[in-house]
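Undergrad:
So, in structure tokens, the structure goes:
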């Protein structure tokens with residue numbers, strides 16, 4: 029191949045296609061990056077640092093022993109628990125029984141200092157994190173656990189694999205369309221450049237921790253402010269385990285205890301209105317990545333982020349979406365741009381002179397945890413329109429609604445600035461190292 033080619037129109041010799049035949053693998057810019065890094069690595073590859081590499085598995089739901097936690101449980105780490113900042117996100121995770129952890133999944137056990145690498149799924153490939161000291165857990169089939177000679181070596185490899193340049197190499201070697209995967213051989217052969225000084229990058233990660241702690245404090249303060257202002261007061265219950273709910277209130281609804289527990293969503297007060305009375309509630313339009321043409325409009329499905337984009341939209345700006353299925357069913361999201369609403373419920377005020385849609389979104393965000401508790405179904409949890417239609421929205425004057433929105437925006441701007449400043453330092457540190465690798 030010639031050195032300078034169009035990245036979208038290029039020629040490849042037949043003899044060069046003995047292993048791969050997909051055009052993306054031979055894209056000149058990708059091949060050029062790998063060539064430069066390979067030369068810098070002096071033929072050192074990831075396999076040179078690996079003592080062992082094992083993948084996990086997801087126990088079947090029918091295997092009751094795997095999810096019987098009465099005799100002990102361990103964290104079950106999935107792709108969403110890995111972060112490109114090198115630390116496990118343990119805010120939310122599944123659990124499996126200790127018996128299967130020590131039995132069928134014994135070889136994929138994770139302990140403090142182990143390196144975890146993502147090998148399957150959309151988005152960034154080879155996202156890596158190091159398990160914290162004292163940690164014990166297991167992984168599913170989309171992650172591998174790598175044992176190295178020391179935690180220091182694992183941390184070096186983790187910071188290295190999370191660089192954009194190295195992620196490009198990993199993505200180049202992944203296969204599969206809908207769900208890309210990186211096979212063990214390709215992962216083991218990623219070139220490793222030694223001697224990189226990660227001091228600045230690691231200092232920026234410490235700054236992120238400090239910033240996140242401060243942001244959490246400010247967010248908790250904002251949440252308390254909104255709860256005091258917007259929550260329709262609920263009748264006292266008899267604690268978390270025993271409480272009273274009238275049969276009349278349960279008619280036409282699921283009889284799931286969590287639905288009425290503590291901050292029950294069927295609350296009544298003179299100065300409040302049911303969500304269905306003041307807002308239109310509609311289902312999104314089904315769509316898949318196979319039949320969507322990439323464009324400028326985000327497709328909003330069942331998660332916290334947009335999985336892909338579309339050239340068309342079906343929902344004007346200024347709408348609220350509530351995720352309808354998946355682990356984050358019930359997630360509230362306000363959109364200030366047109367979107368393609370898919371696996372979600374679209375909420376919009378019927379009369380903006382009485383209830384601003386943006387104001388309604390702030391009320392719904394206050395109820396976020398309660399909305400999650402409405403999830404029904406084991407394999408694929410769902411939240412339905414009927415589950416949220418009776419949620420009470422407190423009435424306030426239009427001026428008061430605007431005042432609340434302005435206050436919230438100011439507080440969130442402060443939080444965003446703190447967070448952005450910390451993450452910008454990290455990105456600048458990464459950029460410096462990426463430039464070194466390609467120099």
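Numbering (this note's numbering), first residue to last: 29 to 467.
We put the CB at the ideal spot given by N, CA and C, even for glycine.
With a threshold of 7 Å on Cβ separation, who are the neighbours of residue 53 within its own chain once the five nearest residues in sequence on each side are excluded?
TA: By one-based count along the chain shown, residue 53 stands at place 25. 200, listed in sequence order.
Undergrad: Going by beta-carbon coordinates alone, are residue 163 and residue 140 separated by less than 9 Å?
TA: Along the chain shown, one-based indexing puts residue 163 at 135. Along the chain shown, one-based indexing puts residue 140 at 112. Cβ atoms of residue 163 and residue 140: closer than 9 Å.
Undergrad: Is the beta carbon of residue 129 less than 9 Å from the beta carbon of residue 146?
TA: Here residue 129 refers to the residue found at position 101 when the chain shown is read from its first residue. Here residue 146 refers to the residue found at position 118 when the chain shown is read from its first residue. Not closer than 9 Å, so no.
Undergrad: Can you tell me the Cα-Cα spacing of residue 427 and residue 238, whole angstroms?
TA: As a first step, residue 427 is located in the chain shown; it is residue number 399 there, counting from the start. As a first step, residue 238 is located in the chain shown; it is residue number 210 there, counting from the start. Looking at the two C-alpha atoms, the distance is approximately 37 Å.
Undergrad: Need the endpoints of the beta strand (DSSP E) that residue 125 sits in, please.
TA: One-based indexing of the chain shown puts residue 125 at position 97. Run containing residue 125: 122–125, per the beta strand (DSSP E) assignment.
Undergrad: For residue 84 and residue 105, I'd like the C-alpha separation in whole angstroms.
TA: Here the question's residue 84 lines up with position 56 in the chain shown. Here the question's residue 105 lines up with position 77 in the chain shown. Answer to the nearest angstrom: the Cα atoms are 10 Å apart.
Undergrad: By a C-beta neighbour count over all protein chains shown, 10 Å radius and 16 as the cutoff for buried, is residue 420 buried or exposed?
TA: As a position in the chain shown, residue 420 is number 392, starting the count at 1. Label assigned to residue 420: buried.
Undergrad: Cutting at 7 Å between CB atoms, please list the residues of its own chain near residue 247, excluding the five before and the five after it.
TA: Against the chain shown, residue 247 aligns to sequence position 219. Taken in chain order, the residues that qualify are 443.
Undergrad: Using C-beta distances below 6 Å, list every residue in its chain close to residue 296, excluding the 5 sequence neighbours before and after it, in chain order.
TA: Within the chain shown, the letter at position 268 stands for residue 296. Residue confidence for residue 296 is low, a pLDDT of 41 falling below 50, so the modelled location carries little weight and cannot support an answer.
Undergrad: Nearest CA to the CA of residue 166: which residue from 187, 189, 142?
TA: Along the chain shown, read from residue 1 onward, the residue named residue 166 stands at position 138. Minimum Cα distance to residue 166 is reached at 142.
Undergrad: Return the chain-ordered ranges of every beta strand (DSSP E) run that is complete within the stretch 137–189 and spans a minimum of 3 residues.
TA: The qualifying runs are 143–146, 156–158, 164–167, 171–175.
Undergrad: Please classify residue 329 as buried or exposed, where buried requires at least 16 neighbouring CB atoms within 10 angstroms.
TA: Residue 329 sits at position 301 when you count from the first residue of the chain shown. The residue is buried, with at least 16 neighbouring Cβ atoms inside 10 Å.
Undergrad: On the DSSP letters alone, give me the boundaries of the beta strand (DSSP E) that residue 328 sits inside.
TA: Position 300 of the chain shown, counting from 1, holds the residue named residue 328. That run of the beta strand (DSSP E) goes 325–328.
Undergrad: Do the stretch 331–339 and the stretch 446–459 meet, that is, are 3 or more Cβ pairs less than 8 Å apart?
TA: Verdict: no, contact absent.
Undergrad: Between the C-alpha atoms of residue 418 and residue 461, what's the straight-line distance to the nearest angstrom?
TA: As a position in the chain shown, residue 418 is number 390, starting the count at 1. As a position in the chain shown, residue 461 is number 433, starting the count at 1. Spanning the two alpha carbons is a distance of roughly 53 Å.
Undergrad: Would you mind stating whether residue 369 and residue 323 have Cβ atoms separated by less than 9 Å?
TA: Stepping through the chain shown from its first residue, residue 369 is reached at position 341. Stepping through the chain shown from its first residue, residue 323 is reached at position 295. No, the pair does not count as a contact, with Cβ atoms beyond the cut-off.
Undergrad: Using C-beta distances below 8 Å, list every residue in its chain close to residue 208, excluding the 5 sequence neighbours before and after it, in chain order.
TA: Residue 208 sits at position 180 when you count from the first residue of the chain shown. Answer for residue 208: 148, 149, 150, 153, 199, 202, listed in chain order.
Undergrad: According to DSSP, is residue 455 part of a helix, a strand, or is it coil?
TA: Taking the first residue of the chain shown as position 1, residue 455 is located at position 427. Residue 455: helix per DSSP, three-state reduction.
Undergrad: By DSSP's criteria, residue 404 is part of a beta bridge. Which residues make up the other side?
TA: As a working mapping, residue 404 is identified with position 376 in the chain shown. Partner(s): 410.
Undergrad: Taking its Cβ as the centre, do 16 or more other Cβ atoms sit within 10 Å of residue 109, making it buried, or is it exposed?
TA: Locating residue 109 in the chain shown gives position 81, counting from the first residue. So residue 109 ends up on the buried side.
Undergrad: Considering only residues of the same chain and omitting the five flanking positions on each side of residue 80, which have a CB-CB separation below 6 Å?
TA: Taking the first residue of the chain shown as position 1, residue 80 is located at position 52. Excluding residues within five positions, the ones whose Cβ falls inside 6 Å are 175.
Undergrad: Would you report the Cα separation of residue 186 and residue 260, rounded to the nearest angstrom?
TA: On the chain shown, residue 186 is found 158 positions in, with the first residue counted as 1. On the chain shown, residue 260 is found 232 positions in, with the first residue counted as 1. Going from the Cα of residue 186 to the Cα of residue 260 covers about 47 Å.
Undergrad: Does the Cβ of residue 44 have 16 or more other Cβ atoms within 10 Å, making it buried, or fewer, making it exposed?
TA: Translated into positions along the chain shown, residue 44 becomes position 16. Result: exposed.
Undergrad: Please report the straight-line C-alpha distance between residue 126 and residue 101, rounded to a whole angstrom.
TA: By one-based count along the chain shown, residue 126 stands at place 98. By one-based count along the chain shown, residue 101 stands at place 73. Cα-Cα distance, rounded: 5 Å.
Undergrad: Assign residue 429 to one of three DSSP states: helix, strand, or coil.
TA: Here residue 429 is taken as the residue at index 401 of the chain shown, counted from 1. Residue 429: helix per DSSP, three-state reduction.
Undergrad: Let me check one thing: in DSSP terms, what residues is residue 477 bridge-paired to?
TA: Nothing about residue 477 can be read from this structure; the chain reaches only from 29 to 467.
Undergrad: Tell whether a beta-carbon distance below 9 Å holds between residue 367 and residue 310.
TA: As a working mapping, residue 367 is identified with position 339 in the chain shown. As a working mapping, residue 310 is identified with position 282 in the chain shown. Not closer than 9 Å, so no.
Undergrad: What is the residue span of the beta strand (DSSP E) that residue 373 lies within?
TA: Locating residue 373 in the chain shown gives position 345, counting from the first residue. Residue 373 -> beta strand (DSSP E) spans 372–377.
Undergrad: Are the stretch 348–359 and the stretch 218–232 touching, with three or more C-beta to C-beta distances below 8 Å?
TA: No, they do not touch.
Undergrad: Could you compute how far the alpha carbon of residue 137 sits from the alpha carbon of residue 251?
TA: Your numbering for residue 137 matches position 109 in the chain shown. Your numbering for residue 251 matches position 223 in the chain shown. Taking the straight line from one Cα to the other gives about 38 Å.
Undergrad: Counting only the same chain and skipping the five closest in sequence on each side, list residues whose C-beta sits under 8 Å from that of residue 302.
TA: Taking the chain shown and counting its residues from 1, the one referred to as residue 302 is at position 274. Cβ within range, chain order: 417, 418, 419, 420, 421.
Undergrad: Alpha carbon to alpha carbon, how far is residue 156 from residue 113? Give it in angstroms, no decimals.
TA: The sequence position of residue 113 within the chain shown is 85, counting from 1. The sequence position of residue 156 within the chain shown is 128, counting from 1. Each residue's Cα considered, the two are about 8 Å apart.
Undergrad: Quick one, which of 204, 439, 454 has its alpha-carbon nearest residue 23's?
TA: Outside the shown range of the chain (29 to 467) lies residue 23, about which nothing can therefore be said.
Undergrad: Beta carbon of residue 354, beta carbon of residue 408: below 9 Å?
TA: Sequence index remark: in the chain shown, residue 354 carries index 326 (1-based). Sequence index remark: in the chain shown, residue 408 carries index 380 (1-based). Taking 9 Å as the Cβ cut-off, residue 354 and residue 408 qualify as a contacting pair.
Undergrad: Given this structure, state the Cα-to-Cα distance separating residue 115 from residue 229, to the nearest angstrom.
TA: The residue labelled residue 115 in the question sits at position 87 within the chain shown. The residue labelled residue 229 in the question sits at position 201 within the chain shown. Between residue 115 and residue 229, the C-alpha separation is close to 13 Å.
Undergrad: Give the range of the beta strand (DSSP E) segment to which residue 226 is assigned.
TA: Here residue 226 corresponds to residue number 198 of the chain shown, with the count starting at 1. Residue 226 -> no beta strand (DSSP E), and no H or E assigned at all.
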